[in-house]
Amino acid sequence: MPLIRNLKNTDFDTLFAGFERAFADYEISFNKDEVRAMLKRRGFDDHLSFAAFVDNEIVSFTFNGIGQFNGLKTAYDTGTGTAQDYRGRHLAGQIFSTALPFLKEDGVEQYLLEVLQNNLSAIKVYRDMGFEVTRELNCYRRKISEITNLTRREATSTDLKTKNSLPIEIKPITVESVRELCHFNDFQPSWQNSIESIERGREGLHCLGAFINREPSGYCVYDPMTGDIAQLAVKPEYRRQGVGTALLSCAIEGLETDAVKILNVDAADVTLPAFLQSKNIPLSTKQFEMILPL
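Dropping the structure here:
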């Protein structure tokens, strides 16, 4: 009989082994550095995360991130999984039920998660538990070799120009500068792309700023290890002038992967999807963001 307990004092190797076991039959793979960075960036709290153990091995888990979202203290489902041999035993539900009293005691006001829109069984379970859909989120992916209409440059970033021949300078900026420029976004980033997430994961992220006549005109935050573009935004008056293209081009040059991904774009937004479409970066998956008030 699996024993459910929190993950306080559980070493990372045990966490990673449970993660690998849960996703062993999926067409995805993770290395330790990626999982470690993901947990840090998403605010993983081992005291408020729970798992089912058999012989000191994790067979099912929910890793909870803790932070602020929409002004409320929030728990976020950073990752949930169950080893193939233990599926069908409702362990994920038991783990969630075990966690709830501890989350409430800690002052958590809501529980946030994302679920694929085609995962109808999971959506039904969440709705039955009281979760409500708060918005739709779209995810985009493309191999770098298949991306089109990028800026090709042979010298420095100062060779980049707008369509009106104004020089665009692309240079590194700090996470603090990103916080000051977040209002360039047309929508609120999801949990994993929020400024708080960027601040938590700053060691593994690169931040670029675009400047025209020394004035900030856009910025981009990306993870060179995973190809994840966390945020990409251009000041409204400088859009459709090549600033977004310059930022994306420079970010792609810094990637260690063969593909780029832009996750959790608000489906109500039109600007960023149109930009991605112009680069031949297609919609790959659709998610629901769901919240349960506690």
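The numbering used here numbers the first residue of the sequence shown as -15 and each following residue consecutively. All residues carry an ideal CB built from backbone N, CA and C; glycine is no exception.
Asked, Found
"C-alpha distance - L(-9) paired with I157, whole-angstrom precision", "36 Å"
"Buried or exposed by the 16-neighbour rule on C-beta atoms within 10 Å, applied to K263", "buried"
"Euclidean distance between Cα positions of K219 and F53", "24 Å"
"As assigned by DSSP and simplified to three states, the class of P208", "coil"
"Beta-carbon separation (whole angstroms), G49 vs F7, contact threshold 8 Å", "Actually they do not touch by this definition, with Cβ atoms about 18 Å apart."
"Unbroken stretches of the beta strand (DSSP E), 3 residues or longer, contained in the region 86 to 112", "94 to 100"
"Counted within 10 angstroms of its Cβ, other Cβ atoms place D207 as buried (16 or more) or exposed", "buried"
"Integer Cβ distance of E120 from M274, believed to fall under 8 Å", "With 8 Å as the limit, E120 and M274 do not qualify as a contact, their Cβ atoms being about 11 Å apart."
"Close-in-space but distant-in-sequence residues of the same chain around N40 (CB under 8 Å, 5 per side omitted)", "T(-2)"
"Contact between the region 167 to 175 and the region 247 to 255 (3+ Cβ pairs under 8 Å)", "yes"
"Y124 vs V205 beta-carbon contact at 8 Å", "no"
"Bridge-paired residues (DSSP) for D61", "N48"
"CB of L144 within 8 Å of CB of I152, strictly", "yes"
"Reduced DSSP category for T142 - H, G, I as helix; E, B as strand; rest coil", "Confidence at T142 is low in this model, with a pLDDT of 49, below 50, so the placement of that residue should be treated as unreliable; the coordinate-derived value is given next. Note: T142 maps to helix in three-state DSSP."
"Bridge partners - K127, DSSP secondary structure assignment", "A243"
"Cβ-heavy atom distance, P156 to the ligand NAP, below 7 Å", "By its list of ligands, the structure shown contains no ligand whatsoever, and the ligand NAP lies outside what it can speak to."
"As assigned by DSSP and simplified to three states, the class of Y203", "strand"
"Residues that DSSP places opposite P277 in a beta bridge", "Q94"
"6 Å CB neighbourhood of P277 in its chain, flanking five on each side removed", "Q94"
"Classification of S233 by the beta-carbon crowding that lies within 10 angstroms, buried from 16 upward", "buried"
"Nearest to G55 (by Cα), restricted to the options L23, V92 and F(-4)", "V92"
"Buried versus exposed call for Y10 [16 or more other C-beta atoms within 10 Å across all chains shown]", "exposed"
"Test item: CB-CB of D29 and M209 under 8 Å", "no"
"C-alpha gap between S149 and V159, whole angstroms", "29 Å"
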